[in-house]
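Peer 1: The UniProt record's numbering applies: residue 1 is where the sequence shown begins, and numbers increase by one. This is the structure, below, for whatever I ask next.
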Amino acid sequence: MTQPQKAIAPKFFYDKRGSELFDQICEVEEYYPTRTEIHLLKTYCRDIAQLVGQDCLLIEYGSGSSAKVRLLLDALPHLAGYMPIDISQEHMLQASAELAQSYPDLDVIAVCADYTQDFQLPPYSKKPVNHKLIFFPGSTIGNLHPQEAIHLLKQSRRLLDKGDSMLIGVDLKKDPAILNAAYNDAQGVTAAFNLNLLDRINQELNANFDLSHFHHWAFYNQDESRIEMHLVSLKEQTVIIDKTPFHFRQDETIHTENSYKYSIEEFQDMANYAGFDAQQVWTDADHLFSLHYLTISH
């Protein structure tokens, strides 16, 4: 907040309310990524299961409500266990408990961690693990600058051994009109999601943001191949965060999220640079979204 361009990392969207709002975003008509990725998982889950094999430890980054992973849980035979990793502890634990009830024979090992930072998997030895698969859906990797995305892929590579794999959703480059609509839904759910960040700061950091003095702004930056989300100050104002004043000019913004879009070739080059082999990619008929199966061969 002290930088010339004020910014807050998008991982802080996901308190309980933020996680609930994101689940609602995934249901709005304009937001194509979730339904397209679910379609790909439903269509190709058997192919994925054949590539993975038995006795797999399924590790999910940013598990959230765990809706998509159920498609894999139903398809993968004789799982060694399921390890959801999420920064939003309360939301993750609730989802993990519901998942454990739905799959009583599945060992669920919930981990509260920031997967964008270096971390180690907790010890796991209840069942023999023949294969580790990291599942990273939602094109969340697009929220990272390309260099940060490469760092995450390299960090993931270090968690895996030869023969292990990663299944990752990546949003594709497309008509900017489709992208702009997806992040400016008519119901205003994305706007509420963005503004909730200020409400969270008020509650947790003793701040006094007036949400009516800010508005949601999202647009596709063609030069950077990314959607940018901002919160725009509607007036000149000063906000106090934990006794520290922060001044805003009228129309000054807080940059809250990027969502980079890639071609299939661009992402595969990135994965190869990070130490993965791009083994398989699936995409929909409209070429909106891609699902990449990456492997470790050395």
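No residue lacks a Cβ here, since even glycine has one placed at the ideal position from N, Cα and C.
Could you tell me the boundaries of the beta strand (DSSP E) in which Asp171 lies?
Peer 2: Per DSSP, Asp171 belongs to the beta strand (DSSP E) from Ser165 to Asp171.
Peer 1: Quick one: residues in its chain with C-beta nearer than 7 angstroms to the C-beta of Ile141, no 5 flanking neighbours on either side, listed in chain order?
Peer 2: Within the same chain, Ile141 has close Cβ partners Ala149, Leu152, Ile168 and Val170.
Peer 1: Hey, how far is the Cα of Glu98 from the Cα of Gln250?
Peer 2: Rounded to the nearest angstrom, the two C-alpha atoms are 45 angstroms apart.
Peer 1: Quick one: Cα of Ser63 to Cα of Ile85, how far?
Peer 2: Each residue's alpha carbon lies about 6 angstroms from the other.
Peer 1: CB-CB under 6 angstroms to Ile134, same chain, minus the five flanking residues each way: which ones, in chain order?
Peer 2: Only Ile59, Ser156 and Met166 meet the Cβ criterion.
Peer 1: Helix, strand or coil for Gln268? Go by DSSP, reduced to three states.
Peer 2: Helix.
Peer 1: Provide the residue span of the beta strand (DSSP E) that contains Ser233, from first to last.
Peer 2: Unbroken beta strand (DSSP E) run through Ser233: Arg226 to Ser233.
Peer 1: What would DSSP say about Ser96, mapped onto helix, strand or coil?
Peer 2: DSSP places Ser96 in helix when its eight states are reduced to three.
Peer 1: Take the Cβ of Leu41 as the centre, count every other Cβ of all protein chains shown within 10 Å, and call the residue buried at 16 or more, exposed below.
Peer 2: Flag for Leu41 reads buried.
Peer 1: What do you reckon, are the CB atoms on Asn196 and Arg17 nearer than 8 angstroms?
Peer 2: In contact: Asn196 and Arg17 (Cβ atoms closer than 8 angstroms).
Peer 1: Val189: which of Ala7, Pro10, Cys26 and Met1 sits nearest, CA to CA?
Peer 2: Here the closest residue by C-alpha is Cys26.
Peer 1: Using only CA atoms, which one of Phe246, Glu252, Glu204 and Asn272 lies nearest to Met1?
Peer 2: Comparing Cα-Cα distances from Met1 to each of Phe246, Glu252, Glu204 and Asn272, the minimum goes to Phe246.
Peer 1: Using the Cα positions of Ile296 and Ile264, report the straight-line distance between them to the nearest angstrom.
Peer 2: Looking at the two C-alpha atoms, the distance is approximately 19 angstroms.
Peer 1: Report the rounded CA-to-CA distance for Lys127 versus Ala207, giving the unit in angstroms.
Peer 2: Answer to the nearest angstrom: the Cα atoms are 47 angstroms apart.
Peer 1: What are the boundary residues of the alpha helix (DSSP H) that Thr244 is part of?
Peer 2: Looking at the DSSP string, Thr244 is not in any alpha helix (DSSP H); the run it does join, the beta strand (DSSP E), is Thr244 to Phe248.
Peer 1: Does DSSP put Thr34 in a helix, a strand or coil?
Peer 2: Of the three classes helix, strand and coil, the one that applies to Thr34 here is helix, per DSSP.
Peer 1: Can you tell me which of the three DSSP states Lys6 falls into?
Peer 2: Strand.
Peer 1: Express the C-alpha separation of Ala218 and Asn184 in angstroms, rounding to a whole number.
Peer 2: So the alpha carbons of these two residues sit roughly 7 angstroms apart.
Peer 1: Check the DSSP bridge columns for Asn194 and list the partner residues they point to.
Peer 2: In DSSP, Asn194 forms no bridge with anything.
Peer 1: Just how far apart, CA to CA, sit Glu29 and Ala100?
Peer 2: Going by the C-alpha atoms only, they are around 30 angstroms apart.
Peer 1: From Ser102, His78, Ser139 and Arg70, pick the residue whose C-alpha is nearest to that of Ile227; which is it?
Peer 2: For Ile227, the nearest C-alpha among the options comes from Ser139.
Peer 1: Look at the alpha carbon of Tyr293 and the alpha carbon of Thr43, and state the distance between them as a whole number of angstroms.
Peer 2: When rounded, the distance between both Cα atoms is 14 angstroms.
Peer 1: Using the DSSP secondary-structure output, state which residues sit across from Gln147 in a beta bridge.
Peer 2: Answer is none; Gln147 lacks a bridge partner.
Peer 1: To the nearest whole angstrom, what separates the beta carbons of Gln89 and Cys112, a pair I think is in contact under 8 angstroms?
Peer 2: Sure, about 4 angstroms apart at Cβ, within 8 angstroms.
Peer 1: Looking only at its own chain, which residues have a Cβ that is under 7 angstroms from the Cβ of Ser225, when we skip the five neighbours before and after it?
Peer 2: Once the five neighbours on either side are set aside, the close Cβ partners of Ser225 are Lys173, Tyr260 and Lys261.
Peer 1: How should Ile201 be labelled, buried or exposed, when 16 other C-beta atoms within 10 angstroms of its C-beta is the threshold for buried?
Peer 2: The residue is buried, with at least 16 neighbouring Cβ atoms inside 10 Å.
Peer 1: Does DSSP classify Tyr61 as helix, strand or coil?
Peer 2: The answer is strand: DSSP assigns Tyr61 an E or B state.
Peer 1: Hey, Ile8 and Ile178: beta-carbon distance below 8 angstroms or not?
Peer 2: For Ile8 and Ile178, no; Cβs fall outside 8 angstroms.
Peer 1: Do Phe22 and Phe193 have their C-beta atoms closer together than 8 angstroms?
Peer 2: Yes, the Cβ-Cβ distance between Phe22 and Phe193 is below 8 angstroms.
Peer 1: What residues match up with Glu257 in a beta bridge as DSSP calls it?
Peer 2: The partner list for Glu257 (beta bridge, DSSP) reads Met229.
Peer 1: Ignoring anything shorter than 4 residues, give me the alpha helix (DSSP H) runs that lie fully in the stretch 89 to 136, in order along the chain.
Peer 2: Complete alpha helix (DSSP H) runs here, min 4: 89 to 102.
Peer 1: Beta carbon of Gly81, beta carbon of Tyr124: below 8 angstroms?
Peer 2: Closer than 8 angstroms, so yes.
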